[in-house]
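Here the structure comes first, spelled out in structure tokens, and everything after it is commentary.
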Amino acid sequence: MKKFVPLIITFIIGASIGTVSTFLILRSSNPQQAQRMTSSDQFQDGHTLDHLFDRAFDSDFFDQSQNPFDDMKKLRERMRQLYGDKQFDQGFDDWYGNRFGGKLGEIESREDHEFIYFEVDLKDIDQDSLKFNVQNGQMTIQGTYQRNEGGTSMSSTFMRSFPLPPGINEAAMSSEIKDEKLVIKFPKMSGETI
């Protein structure tokens, strides 16, 4: 559960910022409505915020998997449902990139009876700049994101770290780049089920 604390804290901060931002926008566009909101017993008793957080953190939210990428997808889908905004992804991606080390394509994991695989989308990533390291149960991937649009070139570096599941042989990691994807493969320790 400790490894999910930063994710939960990030979500709570994001939800709080979203709530405050919505309130400030409403206040500036309709002061009478904002006054009714702040003076209502519901808001002052915390019921409105309780309802918001109950919807965001229902019992399904706490059924965490062993895969932080699945949890992140679940969180993003929940945010999309709550806010119904098609531009949520872009805003979230920009915010996440600024806070946690630039852009990196989606990371997906899968497994079979012998291996755990991580597949990283390398679209717009300079493959020559790609570096990755495994140490103390953490995988770190870093490199340079490059994009050319309308004669304008943009470049930024990224670094992303994530926990690896228990029961894998970190020293026997192998990787290959195939079809704009980095595939990283870890053998499972004998007798381990992940």
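At position 157 of the sequence shown (counting the first as 1) the number is 912 in our numbering, and the numbers step up by one without a gap. For each residue, glycine too, the CB sits at the ideal point set by N, CA and C.
- For I923, there is no enclosing beta strand (DSSP E), since its DSSP letter is neither H nor E.
- The three-state reading of DSSP puts G892 in coil, since its state is none of H, G, I, E or B.
- For G898, the number of other beta carbons within 10 angstroms of its own is at least 16, and it is reported as buried.
- Straight-line spacing of the CA atoms in F887 and N903 works out to 25 angstroms.
- Bridge pairing for I764: absent [DSSP].
- For a cut-off of 8 angstroms, the C-beta gap from E874 to K936 is around 5 angstroms, short enough to register as a contact.
- Taking each of G892, E863, S911 and K933 in turn and checking the Cα distance to P920, the smallest one comes out for G892.
- Secondary structure of E866 (DSSP, three-state): strand.
- L937 is bridged by DSSP to V875 and I932.
- Taking the C-beta atoms as reference points, E861 is found nearer than 9 angstroms to D876.
- Just so you know, the alpha carbons of I896 and K878 end up roughly 15 angstroms apart.
- Contact between F870 and K940 holds: their C-beta atoms lie close to 5 angstroms from each other, under 8 angstroms.
- A check of alpha carbon separations from S929 across M894, Q901 and G906 identifies M894 as the nearest.
- Ranked by how close their Cα comes to the Cα of S916, the residues D883, Q901, V889 and E866 have V889 in first place.
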